[in-house]
Amino acid sequence: MSSRRLPRAVAALLGLVLLAGLGYALRWRSNPSPCPYAQRHAIDLPRPVITRSRLCGILEPRPGERLLEVGPGTGYYTGTVARAVEPSGTVHAVDVQSEMVEHLRTRTRAAGNLPVEPVRGDARALPYPDDTFDAAYLVLVLGEVPDQERALDELERVLKPGGRLVVGESLPDPHFVGFERLRRRAERRGLTFDGRVGTRAGYFARFDASAAERPPR
Ligand SMILES: C[S@@+](CC[C@H](N)C(=O)[O-])C[C@H]1O[C@@H](n2cnc3c(N)ncnc32)[C@H](O)[C@@H]1O
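Convert by adding 6 to the 1-based position in the sequence shown; the result is the number in my numbering.
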């Protein structure tokens, strides 16, 4: 192969790899599905923008509170938040994949029995009564849920009046949910925008549920 043809071949190969990657990401985006357990190492990598301390700063977990995490995966954030609600609070962590639930159970035990209740369940039908939680959070999850509207309805339902909801999103997650879209959807449900940290490409956004008692359903 001549020295002029080699770069062209390499460029063509790179182009193909890029196209395949783009096709994969587009297909994944239009077919929301849970991040496979086989990719658990990728979700445990350090995150420069959506950090644990930023999450705690905007979520404001307090000792004694009952919190909900939807889609904890392997528990990147769970332990940090659980320590903030000790000694009498609990983080209920609901994931749709049983491998993730078991992984989280093992991780929290190894960390010294943190106050975490791993539960297998679906964001679209949360296994809790109305008005259960002081706060809820989900990071890199909403875009994986096939019916995001339903998931937001459920989150609003299980929050106590005045409860906090924090949603975290970051590129290059193929299921990234943009902030403006999220805000419109949340506000349609009476969740009031209360601040955002990070950037448009990687953020935590906080919404507060109405403080008024909801009418009986
Ligand atoms: C990309 S991972 C993020 C995990 C974790 N939040 C983090 O930031 O490391 C998405 C997680 O959401 C879970 N998930 C996806 N769809 C779900 C649903 N409908 N209900 C509950 N969990 C879901 C997946 O199983 C997976 O553990």
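Heads up, the beta-carbon is just placed ideally off N, CA and C, and yes, glycines get one too.
My understanding is that residue i touches residue j, with C-beta atoms under 8 Å, so please give their C-beta distance in whole angstroms.
i: GLU162; j: ARG195; result: 5 Å
i: LEU61; j: TYR143; result: 7 Å
i: ASP179; j: LEU146; result: 5 Å
i: GLU71; j: ASP140; result: 4 Å
i: VAL122; j: THR112; result: Incorrect: roughly 11 Å between the Cβ atoms, too far for contact.
i: LEU110; j: ARG89; result: About 15 Å; that fails the 8 Å criterion.
i: GLY169; j: ALA215; result: 5 Å
Helix, strand or coil, according to DSSP, for residue i in the structure here?
i: GLU94; result: The displayed chain sequence assigns Ser, not Glu, to residue 94. Note: SER94 maps to coil in three-state DSSP.
i: GLU186; result: helix
i: THR84; result: helix
i: VAL55; result: coil
i: LEU197; result: coil
i: ALA211; result: strand
i: GLY204; result: strand
i: LEU177; result: coil
i: ARG68; result: coil
i: GLY21; result: helix
Relative to the C-alpha of residue i, which candidate in the options has its C-alpha closest?
i: ALA217; options: VAL55, VAL203, ASN119 and LEU197; result: LEU197
i: ALA131; options: ALA157, PRO52 and ARG46; result: ALA157
i: PRO40; options: PRO52, GLY127 and ARG202; result: GLY127
i: GLY201; options: GLU75, ARG187, GLY95 and ILE64; result: ILE64
i: PRO67; options: ARG53, SER94, GLY79 and PRO52; result: SER94
i: VAL173; options: TYR43, VAL203 and GLU105; result: VAL203
i: PRO124; options: THR84, ASP137 and ASP159; result: THR84
i: GLY118; options: GLU105, THR86 and MET106; result: THR86
i: ALA48; options: TYR82, VAL76 and ARG58; result: TYR82
i: SER176; options: GLU150, GLY21, ARG191 and GLN103; result: GLU150
i: ARG187; options: VAL164, ALA211, PRO167 and GLY169; result: ALA211
i: GLU108; options: ARG53, VAL97 and THR80; result: THR80
i: THR209; options: THR57, GLU105 and ALA215; result: With the sequence shown as reference, residue 209 is identified as Tyr, and Thr is not the correct amino acid for it. Taking only the C-alpha atoms, the option nearest TYR209 is THR57.
i: VAL97; options: GLY77, LEU73 and MET106; result: LEU73
i: SER104; options: GLU75, ASP153 and TYR43; result: TYR43
May I have a chain-ordered list of the beta strand (DSSP E) segments no shorter than 3 residues that lie completely inside the segment 89-171?
Here the runs fully enclosed are 96-101, 122-126 and 139-145.
Those residues, in chain order, that have a beta-carbon closer than 5 Å to some heavy atom of ligand 1:
PRO40, CYS41, ILE49, GLY77, GLY79, TYR82, ASP101, VAL102, GLN103, MET106, ASP128, ALA129, VAL145, LEU146, VAL147, GLU150 and VAL151
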